[in-house]
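Some notes on the structure that comes next.
There are 2 protein chains.
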Amino acid sequence: MTARIGIVGAGLIGRAWAIVFARAGMTVSLYDVDSSALDKAWEAIRQSLADLKQAGLIEDVKAPLALIQTESNLQRAMADVEYIQECGPENVEAKRDIYSALEAVVARDTVLASSTSGIAASRFTDHLRHPERCLVAHPVNPPYLVPLVEVAPAPATSEAAVNRSMHLMEQAQQAPILVRKEIQGFILNRLQGALLNEALRLFRDGYVSAEDLDKTVKHGLGLRWSFMGPFETIDLNAPSGVADYGQRYGPLYREVDRQRGDDDPWDSATLAALDKERRERLPSQGLAERQAWRDRRLMALMAHQRSVTSS
Amino acid sequence: MTARIGIVGAGLIGRAWAIVFARAGMTVSLYDVDSSALDKAWEAIRQSLADLKQAGLIEDVKAPLALIQTESNLQRAMADVEYIQECGPENVEAKRDIYSALEAVVARDTVLASSTSGIAASRFTDHLRHPERCLVAHPVNPPYLVPLVEVAPAPATSEAAVNRSMHLMEQAQQAPILVRKEIQGFILNRLQGALLNEALRLFRDGYVSAEDLDKTVKHGLGLRWSFMGPFETIDLNAPSGVADYGQRYGPLYREVDRQRGDDDPWDSATLAALDKERRERLPSQGLAERQAWRDRRLMALMAHQRSVTSS
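From first to last, the protein sequence lines stand for chains H and X. If you're matching positions, the first sequence starts at 1 in the working numbering and goes up one per residue. If you're matching positions, the second sequence starts at 1001 in the working numbering and goes up one per residue.
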């Protein structure tokens, strides 16, 4: 049977999730309290689907569009869905209210998943009668181009809710991972943060320009990471695998760890210097065009990955 | 005029450099004290060139092969080259001896560049009469598939030597970056280390499996990093660019920085647990085949990148 998905909030993330689920043949009920947001969402979804078709990533625009309904009444929107992807404001109180309202209108075993990038699920679900069906399913923006989803249960979350969410994400052609215990920033942003913290220090202390730092990743580190990840990369970089690698390179990386400063890599002077170099290369008025370029490159990369993994 | 390149050491890195320079139409004199190493290098170079041709990355095998000569006599090998890529043992004393021997046979302005991944150039060149033409040009393995080269001068290195090296690397279709001051691990391995240190802690502390951590990067972070780098990524991830991004996400990443432990992420128990999970997914006897798969994926990715950037 086809899954029936509810989405709460028709902003950037909600719209993008509607594409993910409808593209996989699931019916989508997209809710927003603001019906003008729903109108805007329609247009944006139509455009994104057209872009995906042009990039060869979907065959048809009409079929997924036909699976999406919009609705500004919560009860009508969510009455018969089996999984809800909540995309409300990043604010604990607002989320607590949304979850109370959802619990009042959905079936007892409907999974309630939040798109939050920063708030642990327990903080906005511990007042519910059935917190066991709640968790975080954190996407990367936009999820129809970047497949990773971090499934992050609270201590109260049931194994059944976790399994149903992981399974649903796989059915939707996403790449779910399990964050086994609640932790700030989940996995992706902690890894990104660790690299950015070091990157900002190297830039701030004059070892490298911002442009050359980006080159180091895009022409070096990022190539293998885009299809293997960091552990498999080092596992294949020493004759006997990762333990052997640790013997060889552990001492260097321990030093890098030991040399970390206690200063703030995100101080305003560093950010201003970085912004200055970036704006010299890309003036503010060019940002939107470059974002469109990024999305085209992402689409081309996904099409490439599909062609290599299917051959 | 075509550049004339000398390479010292015919091991894995020396062979790979021979391919890089010859592919770009430069003549290569490949030296090793051990002539059986030179025979092995020939076979390996021929095979790698055939692989590159099959992947559509070079048009012809014969032309680059014809530009490579091997030689086990240092003076004959290096008499008339203008740039030397040294690929000797990772050992300060051995390198000091090699540089003394090189200085005795080369022209006064021949650039002497080391492939070392870990030793600052000043440590093995400060005894020379002309240390100003010495620096590090650190590749990623293999350099004919991963274009980044870290050009890292010593305090004594002349600007002319830096400029000639950067220019030569660009002519050779590599992607050189400048490491402005000597620092342990240069840029790439410090960034890799920062991410790996956090990754090992998350794995060790039970937040995520090694497989899911790799997925987080390969299906999430690594996609944009493979064509933009981390600074451009965040610059495009907030409406007004990187300074705006810092306002929004700086607090989270500061917390990640603050929460770093003082423990050793590379301790043997963590490495053993990681090795266990990796060997369950990929037994030791499968490592070589997976390395060949990695190289095919890298070649396909480079061909993809070429097709997107030229269109």
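C-beta: ideal position from N, C-alpha, C; glycine also.
- Query: Using DSSP with H/G/I as helix, E/B as strand and the rest coil, what is E43/H?
  - Reply: helix
- Indicate whether V162/H and L148/H have their beta-carbon atoms separated by less than 8 Å. no
- Task: Indicate the three-state DSSP secondary structure (helix, strand or coil) for P143/H in the structure shown.
- Result: coil
- Message: Report the CB separation of D257/H from Y245/H in whole angstroms; it is logged as a contact under 8 Å.
- Response: D257/H to Y245/H, Cβ: 16 Å. No contact.
- Message: Less than 8 Å between the C-beta atoms of A172/H and V20/H, yes or no?
- Response: yes
- Message: When you compare the CB positions of S226/H and L1223/X, do they come within less than 8 Å of one another, or not?
- Response: yes
- Query: Does DSSP classify A1107/X as helix, strand or coil?
  - Reply: coil
- Query: chain X beta carbons: is any one of them nearer than 8 Å to that of F21/H?
  - Reply: no
- Item | CA-to-CA distance, L188/H to E50/H, given in whole angstroms | Reading the sequence as shown, one finds Ala at residue 50/H and not Glu. So the alpha carbons of these two residues sit roughly 29 Å apart.
- Message: Counting only C-beta atoms, is I119/H closer than 8 Å to chain X at any point?
- Response: no
- Task: Drop a sphere of 10 angstroms on the beta-carbon of K95/H, count the other beta-carbons inside from all chains shown, and report buried for 16 or more, exposed for fewer.
- Result: buried
- Task: Would you mind telling me which residues of chain H sit closer than 9 Å to D1039/X, beta carbon to beta carbon, in chain order?
- Result: By Cβ distance, chain H contributes nothing, its closest Cβ being about 21 Å from D1039/X, past 9 Å.
- Compare the C-beta of P230/H against all C-beta atoms of chain X and say whether one is closer than 8 Å. yes
- Query: Hey, would you say D1214/X sits closer than 8 Å to E232/H, going by beta carbons?
  - Reply: yes
- DSSP-derived helix/strand/coil call for I19/H: helix
- Should T1116/X be flagged as near chain H, meaning a C-beta pair shorter than 8 Å? no
- Go ahead and pull the three-state DSSP assignment for Q1069/X. strand
- What is the rounded straight-line gap between the Cα of S1310/X and the Cα of I1058/X? 16 Å
- Message: How far does the beta strand (DSSP E) with L1148/X in it extend, from its first residue to its last?
- Response: 1148-1153
- chain X within 8 Å of P143/H, Cβ atoms only: no
- Task: Mind checking who R1004/X pairs with in its DSSP beta bridge?
- Result: T1027/X
- Message: 8 Å is my cut-off, CB to CB: does P1147/X come that close to chain H?
- Response: yes
- Message: Within a Cβ cutoff of 7 Å, which residues of the same chain sit near G1261/X, ignoring the five residues on either side of it in sequence?
- Response: R1201
- Query: Measuring from the CB of V1146/X, is there a heavy atom of the ligand PLP at a distance below 7 Å?
  - Reply: The ligand PLP is absent from the structure shown, which contains no ligand whatsoever.
- Item | Contacting residues, own chain, Cβ-Cβ under 7 Å from A1079/X (five flanking each side not counted) | V1105
- Item | Where the beta strand (DSSP E) containing Q85/H begins and where it ends | 83-86
- Query: Using the beta-carbon of each residue, which ones in chain X are nearer than 7 Å to K181/H?
  - Reply: G1206, Y1207
- Query: Going by other Cβ atoms of all chains shown within 10 Å of its Cβ, with 16 needed for buried, is E1086/X buried or exposed?
  - Reply: buried
- For chain H, is any of its Cβ atoms less than 8 Å away from the one on W1266/X? yes
- How would you list, in chain order, the residues of chain H whose beta-carbon sits under 8 Å from the beta-carbon of K1215/X? L148, A175, I177, G229
- Output the distance between the C-alpha atoms of L1282/X and E1289/X, rounded to the nearest integer angstrom. 10 Å
- Express the C-alpha separation of A1272/X and R1278/X in angstroms, rounding to a whole number. 10 Å
- Task: Could you tell me which residues DSSP pairs with L1178/X in its beta bridges?
- Result: V1151/X
- So with Cβ pairs under 8 Å, would you call R1306/X a contact of chain H? no
- Message: For A113/H, list the residues DSSP reports as bridge partners.
- Response: Q85/H, L135/H
- Taking C-alpha atoms, which residue in I1013/X, G1011/X, A1018/X, A1010/X lies nearest to R1004/X? A1018/X
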